[in-house]
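Residue numbers (the numbering used here): 311 to 418.
Backbone N, C-alpha and C fix where the C-beta goes; we use that ideal spot for every residue, glycine too.
Reviewing the structure listed below.
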């Protein structure tokens, strides 16, 4: 969400709002990751950072989904073999989480 806020030049929030969002992330990431996120505040576009040159919100969401799938796989088993049809229980849970997040971001 932080990167998406930075990526919207027409509706980029003011610095105090961005700093508040960033503070909420501080305890959730390593010191190195946090410093990198702070560095993004100095850029006019996240694409100025070499590792994010081709970044899009969709690609970022997909990468987050894949990371969560990898982390949650040991807890919920195979995404294909739960007997839940297309994708099983793990994918269903992740889809619900993504839908819930999208609704909260869109304000619906």
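Grab me the residues of residue i's own chain with a C-beta within less than 7 Å of its C-beta, minus the 5 sequence neighbours each way, in chain order.
| i | result |
| --- | --- |
| residue 352 | none |
| residue 364 | none |
Short of 8 Å in beta carbon distance, which residues of its chain neighbour residue i, apart from the five on each side in sequence? Order them along the chain.
| i | result |
| --- | --- |
| residue 381 | none |
If you reduce the DSSP assignment to three classes, tell me which class residue i lands in.
| i | result |
| --- | --- |
| residue 330 | helix |
| residue 363 | coil |
| residue 404 | helix |
Taking C-alpha atoms, which residue in the options lies nearest to residue i?
| i | options | result |
| --- | --- | --- |
| residue 383 | 369, 398, 372 | 398 |
| residue 350 | 402, 322, 403, 406 | 322 |
| residue 376 | 414, 332, 404, 318 | 404 |
| residue 332 | 347, 342, 324, 318 | 347 |
| residue 378 | 318, 336, 408 | 408 |
| residue 335 | 358, 311, 400 | 311 |
| residue 328 | 316, 342, 361 | 316 |
Mind checking which residues open and close the alpha helix (DSSP H) that includes residue i?
| i | result |
| --- | --- |
| residue 346 | 341-350 |
| residue 317 | 312-317 |
In chain order, what residues of the same chain have a beta carbon less than 6 Å from the beta carbon of residue i, not counting five sequence neighbours either side?
| i | result |
| --- | --- |
| residue 314 | 367 |
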